[in-house]
Every structure is written in C-alpha cells, then in structure tokens.
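J.: Would you mind keeping the following structure in view while I ask a few things?
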Amino acid sequence: MRGNNVLGLIFSNVHEEKVRELTDTRTMGSVPFGGRYRLIDFPLSNMVNSGINKVGVITKKNYQSLMDHLGSGKAWDLSRKREGLYILPPFGSESNINNSRIESLASIGLFLKNSKEDLVLITDSDIVCNIDYADVISFHVKNDADITLVYRSGKVAYGVSNPSVYMLDPDARVRDMLIAPMSDGECSYGIGMMLIKRALLIKLVTDCVSRNLYNFKRDLLQRNIKSYRVFGYEFSGFTKAICSMGAYFEANMALMLPSVRSQLFRQDRPVYTKVRDDMPARYGLGAQACNSLVADGCVIEGEVRGSVLFRGVHVGKGSVVENCVIMQDSEIRQNCRLNYVVTDKNVVIKDDRSLVGFQSYPVFISKGSTV
Amino acid sequence: MLPKQEVVAMLLAGGQGSRLGVLTKKLAKPAVPYGGKYRIIDFPLSNCVNSGIETVGVLTQYQPLVLNEYIGNGQPWDLDSMNAGVRVLPPYQRSRKSDWYKGTANAIYQNIQFIERYSPDYVIVLSGDHIYKMDYSKMVAYHKEKGADCTIAAIEVPMEEAPRFGILNTRSDGSVYEFDEKPKAPKSNSASMGIYVFTWSKLRKYLEADEADPKSSNDFGKDILPAMLKAGERMFAYRFEGYWKDVGTIDSLWESNMDLLDPNVPLDLNEDSWKIYSRNPVMPPHYISKNAKVQNSLVAEGCNVYGEIDFAVLFSGVYIAPGAVVRDSIIMPNTRIEENAVVQYAIVSENNTIGRGAVVGARPEDIADKDKWGVTVIGDGCAIPAGVKIPPKAMIDADMLKKEAAVNARK
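Written out as structure tokens, the structure reads:
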C-alpha cells in the first residue's frame, strides 16, 4: 500500500564542510557511494520503501549534479501524477537566504502549508543506512507523539558535527537534549532523522523566524523539548555517518562485509538509483580480483584488491589497485600502483604512476584530473 | 489522428524457439536472457531507438507473459513517448473471423490497422532472435537512394554455412535477381539477415494479395519476397558488416555469450553512442571475495563470487560458493552454485540451485566420444541435488526432476 499520510523532506546540502573534497562541485546528497549510488539514494529509497509517496528535496547550492541524478524521480518510482518528487531550490528575495535549516524550511512554507499529509519526516543525506520508516511512524502514532527523534546508542563517531545527545525516560520520552556535550562514553545520539506533525513544524518555524532565531537544533528543538511530547526511536541497524574523508572511506570499505551488505541492500527494501545501462563488468585474461565490490560497466584487466569500483571504471593490464575507492568512469591505465587512494569521477591515471596513501588518510584525486 | 511516422518497425516476436528446448518452455525466444543482463529483444529494440525509429509494434503469440511484462510501457528503451513508442500486438478476435498469426506475413497483415494509424512511408520488419548492433536509418537511406520497393539486409557468411540461410543472389548494382531459401548448392554467400525494409504502399498490396491466396503459407521468405521478385519489383540487398549472430540454438546461444568474453570479437556493448538498453535489476555492485578467482568473465550486479570462474557469464544475483568452479558457462539470474560444485560447458537457467559437489556438464577434452559431447542445459527453478552428475548435452527441467523424485519415492 502506498501513501501513508507522511511527507518526506530531505536536506541535500547539510554538513558539506565535513567532506569538502567531495562536495566542492556537488551536494552532500549527490556524493557517489558504494559503487553505484549517491548518498541521497539511501534516504530516498528508505522513504519510498516505507510507503512515503511525496518527497521534497531541499537544496541550497551546487545542486546541478543532484538534479541530474534525480531527474523526474522515475528510478525511485516518484515520477507520479499523484504526488511524487519535488525538488525545492532556494526561494526568497534576500541575499542570505537558506543559510540555515530554519530559513530553508521557512522558504518552503507554502509547500508545507499546501501539503495534505499530517506528518513530516525530515532527514539529512549524510547517513548511510536502510531503515524502515513505517516502524518509526507507527511508534510515533502509538505514543501520540508530537515529535519523534531517531537515535542510536553507543559512542558518537569521531567527526560528527554538533551531535545531539538525548536523555530518555524508560518510556522513550525525551526529557532533555544536549548539543555537543563533553562526553566520550555511551549515549543516545541523534542521526539526523525526525518525524514531526506538519502543523507543529510550521508553527515552530514561524515562531523561530519571528524571534530571529535560526539554529534548528538549539532554537527549534532544544528550546521546545519540554513543551511537547518528544519521543526517541532507537535504530540499531548498520549506520554510517559520512562526517570526514576517513569516515567516507571506511563506510565504502565496510561494504565488503557480508553482514553490512545484507543489512544495507535488502531484497525487501532495495536501494534504488539512477539507471545507466552499462554492460556487466568484464574481467579480462589474467585479471585478478579479491575482496572487492565492482559495478556494471567496469573493465578489469589488472589486479583489484579490497577496493570499491564504481560504474564504468577501467583497470589496465599490470596495474594493481588496492584499498581504493575509484569513482565512475575513471581510467587506470597500465602498470600503475594505487594503494589507499580515493579518486573522484572521470580521473585518468596514466601508465606507470604510483600513488600511496594511508588507511586513515587516503590520497584524494579530484574530479576529472589526470595524473 | 496520430502524427505521421516516416518509418514504423514491426518486430516478429511470436516464435517459440523450440530448438532452445527448456529455455523457451515458459517464455518466447526474444525473452531469452543474454549477456549477463539483457534479453534478446533488447537488441532490436535498442537498435530501433538508436536509429531514431520511435514506433515499434511487437507481434507476440507464443508464451507472451514474460515478454509482455518485460516490454511494459517501453520506458527502459525510451519507447514510452506520447504519440509513438512500443506496442505489444497479440492476435485478437474480430467480428467475423479471427485467427492466430498463421505466418510472419499474416502477423503483419492482421495489424495493417496499427501501421496505417501512423501513415508511414516505410515499414521495417525485424525478428527477435539475433544479436547485433545495426543502424536501421542507414538501411532506410539506402532503400530511398535505390528507389527500392524492398531492401533486405545481407551479411557474408562462410560458404559452407550458406545452405542454412536464405541466400540473396544479386547483380552488380545490388539488386536481387534471385532469393534462394536454404539452397543445397548456394551461388553466393550473401545471407539474408531477416531484416526487411518495405515501401509501405507496396507491402500492403502484397500482404492483401497473399492473404487472398488460400494456398499461401503467409510467410515473408516463402511467399511475399518470391511474389515481389516475380512481379519485377525493385528489390535490393543492403550489405551489413559487423557482428551478427542467430541465437536460435543452444550451441549458438552459448557461443554468442562466449563471444562477449573475446576481445577480438567486434561486439562492444559498452559503446556510449550505441547503448543496448534493458530493464536493470535493482541490486548492489557484485562482490568478489578474498579467495575467489575471476578472469575472462562477465559479472552482473548483485552477484557474490566466492569460488572460481573462468569464461563465465553471470547474470544478476548469482551466488558462487567457496570451492565451486564455473567454466565456459552461462549462469542466469538468482542461481546458486553450492560448495565444490563444478559447472562446465553449461547454460544454467534462472532460480536454480546446483547442490554441493554436483557436476554439471563436461569439457570436450574429457569425453572420448565427441558425438556425446554438447552444452548441458538446466531449465528454470531446478534444484540439482548434492553430488549428482549431469552428463554433457543433457537437458533438465524442473518437471522432469519432480517426476523422477516421485518415482524414487515410490521405490
């Protein structure tokens, strides 16, 4: 059954400063991930798989690649007559529009007002996970909540900017919320997803704007946490925040684990992405591959170990690619040695080049460069 | 009224493909999987859109469910446009008389109404059983340039194979003076590829005359072309150079898949300017494990390879367990090859399980009697028990296995 009275909202630009190399020419949502995906595929597919029929994608800057990727929303089954995908570009008259989430939300006031859904699910696009929002929605309804915050238990990953830490009652009611507290122990921290009543969202946003308050976490959430029925929903499945280049690399490498793949790429909740119509990957004579994730359209004539190869990558004869993330259509010619390297798309590594990084600090080659 | 289309393509997809045995038990030949992610029909459909032909009628008859579902609204091939696009045309009932498609010509005859809606100048007739990349717009241009009534695409085949084809004997200007269907002593090696461009007004006339003739078998090769030639219509051969393969038999289907693994065969499916479109599975990239060995192979999305593959074509979602070996074989979607199983010179269809230690097929060098050797075929949804040996040239299907299991149970 489709259509569950929930409107999806995705922030496509948040936390971009954390992976500046990757977001120089694109949004966080359009950062390539896992061999064939863009980060936005995860929140978008999660929403669609949970029966959400209407999704607004909030953009701020550099959203050309995002629009190109999303197109009409067809790949996520969101190109529909009744609702579907809405790309929401910056809107307003002042020069400093959409600098904060609250401004972004205020600028789509009309879109929010004209929507019919009672609930709004808001997520960022820097979290890789496969979550069934239908469970969050029934949790929200069961608790008669005004706001439900999705959290994880454990240590906050290194590099997460201003993590929200929640204090929960045994009945899952959120009593208090701290922003970036001094703590390195176990806690319940937010993962950038919340469910809120649409009317309440409009009210809180208007309220903040009228008081010239523009910090979403502090002014909209923290200030109101005791005035409303706020609940916490724990998600314990595989989750990875893309909060640094190291974390980006790790998240890609985590996909080599069967347990991670089975949590992320489930048959009953598939992750959709833009179709490219490449032929299956071709391994040539003398090719060697082990412990690697390889997408369609790759041609492998050399050796690939512990790497993620995106669509259309070419690894030439005699080249050894080890512990690398090679994005789409990059070409590694002959007799190259690459270890701990992340190349953006359309990179060319000419014959006999050697590039070596380190696990915690992979070498990054920017989009379209030739080495 | 619909906007005029200069060219309308009619794709004959009703054939059973009985020579493909268990592979076409539940689906029409054009729907047979090929090349790790395609179905045969992706080739003519992609050729059409890449050639700028926007209107395609697909004539179905035999086991159309899978094919219909696959074609859907034509979106994967960009054939879902407003006034044109792909249309599936099954035989239908009329107020006076209704019929199955009696032959290839009759199938087009029964759909004159469909073609007329677009008032085309030319109709191109295609079949759904060949693997090739061809720009039909060049052939139509040739047809116009020659002022032809019918143009037949022709390819040079080895002389010794010529008796298997319809042979076109031409004059120096390319005009055809004789059409020799499967000649015992061929005069040339220029074989018809089963691709015809007709000037629609002419074809319509001949289709109607053919229908009125009760003795006709209503077939293009046997009736329409000879009749046109006899009446002195302008018929030309259009020389095609490039990869073209009929995949109507187990051997040729197997060979054509293996051709994709040979860098010397001129069939590049990665060409950006001539993509072969298909319905793409929604699956993650494939995973090659630590101890896997992979070379000379084509591997699609969603596969997990823990064993060894060499000269293999793996479709989406295939699982190769540790210790399993797949050589010179084609493994179709979502099949599992369990531990230490060996699959060689075989076509294993969709949703199968090859049990632990089972051996499917054999290498020709391991068989003394060469007549007993051939490609082994396993049909859809079979569970081959552990340790079982399936001989070369065997054809197994799920019903057969069930019957056998029932017999064994009674014992």
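Chains as they are written, first to last, in the working numbering: chain A, 5 to 375; chain B, 39 to 449. Even for Gly, the Cβ is constructed at its ideal location relative to N, Cα and C. Here the structure is a predicted model, which means the values were calculated and not measured.
1) Measure from the C-beta of residue 283 of chain A to each C-beta in chain B and report whether the shortest distance is under 8 Å.
2) So, for residue 197 of chain A: in the same chain, excluding its five sequence neighbours on each side, which residues have a beta-carbon less than 6 Å away from its beta-carbon?
3) If you run the structure through DSSP and keep just helix, strand and coil, what is residue 265 of chain A?
4) Using DSSP with H/G/I as helix, E/B as strand and the rest coil, what is residue 198 of chain B?
5) Should residue 95 of chain A be flagged as near chain B, meaning a C-beta pair shorter than 8 Å?
6) Closest to residue 390 of chain B by CA distance: which of B:61, B:48, B:45, B:54 is it?
7) I'd like the list of long-range same chain contacts for residue 41 of chain B, defined as Cβ closer than 6 Å, with 5 residues on each side in sequence excluded.
8) So residue 288 of chain A contacts chain B; which residues on that side make the cut at Cβ distance below 8 Å?
9) Three or more C-beta pairs closer than 8 Å, one from the segment 291–298 of chain B and one from the segment 210–221 of chain B: is that the case here?
10) Give the residues from the segment 245–272 of chain B that approach chain A closer than 9 Å (Cβ to any Cβ), ordered along the chain.
11) Residue 65 of chain B bridges to which residues according to DSSP?
12) What is the C-beta distance between residue 46 of chain A and residue 145 of chain A, in whole angstroms, given that I count them as a contact (C-beta under 8 Å)?
13) Give me the Cα-Cα distance between residue 100 of chain B and residue 289 of chain B, rounded to the nearest whole angstrom.
14) So is residue 389 of chain A in contact with chain B if we call contact Cβ pairs under 8 Å?
15) Could you give the first and the last residue of the continuous alpha helix (DSSP H) run that contains residue 182 of chain B?
16) CB residue 79 of chain A to CB residue 344 of chain A, shorter than 8 Å?
17) For residue 186 of chain A, is the classification buried or exposed, using 16 other Cβ atoms within 10 angstroms of its Cβ as the cut-off for buried?
18) By alpha-carbon positions, which one of B:371, B:142, B:403, B:44 ends up nearest to residue 154 of chain B?
19) List the residues of chain B that residue 265 of chain A touches, going by C-beta distances under 9 Å, in chain order.
20) Is residue 188 of chain B helix, strand or coil when you go by DSSP?
21) What first and last residue would you give for the alpha helix (DSSP H) that runs through residue 440 of chain B?
22) Taking CB distances under 8 Å as the criterion, tell me whether residue 406 of chain B reaches chain A.
23) So, does the segment 166–174 of chain B touch the segment 247–261 of chain B, judging by three or more C-beta pairs under 8 Å?
24) Within the same chain, show all residues whose beta-carbon is closer than 7 Å to that of residue 264 of chain A, passing over the 5 residues directly before and after it, in chain order.
25) Would you tell me roughly how many angstroms separate the C-alpha atoms of residue 96 of chain B and residue 134 of chain B, rounded to the nearest one?
26) By DSSP, does residue 293 of chain B sit in helix, in strand, or in coil?
27) Bridge partners for residue 54 of chain B per DSSP, in chain order?
28) In terms of alpha-carbon separation, which member of A:23, A:233, A:339, A:182 lies closest to residue 322 of chain A?
29) Pull the bridge partners of residue 144 of chain A from the DSSP assignment, please.
30) In chain A, which residues lie less than 9 Å from residue 308 of chain B when you measure between Cβ atoms?
31) Along the alpha helix (DSSP H) that carries residue 257 of chain A, what are the first and last residues, could you check?
32) If I follow the unbroken alpha helix (DSSP H) through residue 106 of chain B, where does it start and stop?
33) Please tell me whether residue 242 of chain A has its Cβ less than 8 Å away from any Cβ of chain B.
34) Going straight from the alpha carbon of residue 295 of chain A to that of residue 312 of chain A, what length do you get?
35) Does the beta-carbon distance from residue 189 of chain B to residue 235 of chain B come in below 8 Å?
36) Excluding the 5 residues preceding and the 5 following residue 161 of chain B in the sequence, name in chain order all residues of the same chain whose CB lies nearer than 7 Å to its CB.
T.: Taking the definition as stated:
1) yes
2) 127, 154
3) helix
4) helix
5) no
6) B:61
7) 121
8) 301, 333, 334
9) no
10) none
11) In DSSP, residue 65 of chain B forms no bridge with anything.
12) About 24 Å; that fails the 8 Å criterion.
13) 22 Å
14) Coverage of chain A is limited to positions 5 through 375, which leaves residue 389 of chain A absent and any answer about it impossible.
15) 174–183
16) no
17) exposed
18) B:44
19) 322, 325, 342
20) strand
21) 436–448
22) no
23) no
24) 242, 258
25) 24 Å
26) helix
27) DSSP output for residue 54 of chain B lists no bridge partner at all.
28) A:339
29) Beta-bridge pairing links residue 144 of chain A to no other residue.
30) 282, 283, 286, 301, 303, 316
31) 249–258
32) 103–109
33) no
34) 9 Å
35) yes
36) 46, 48, 153, 236, 238, 241
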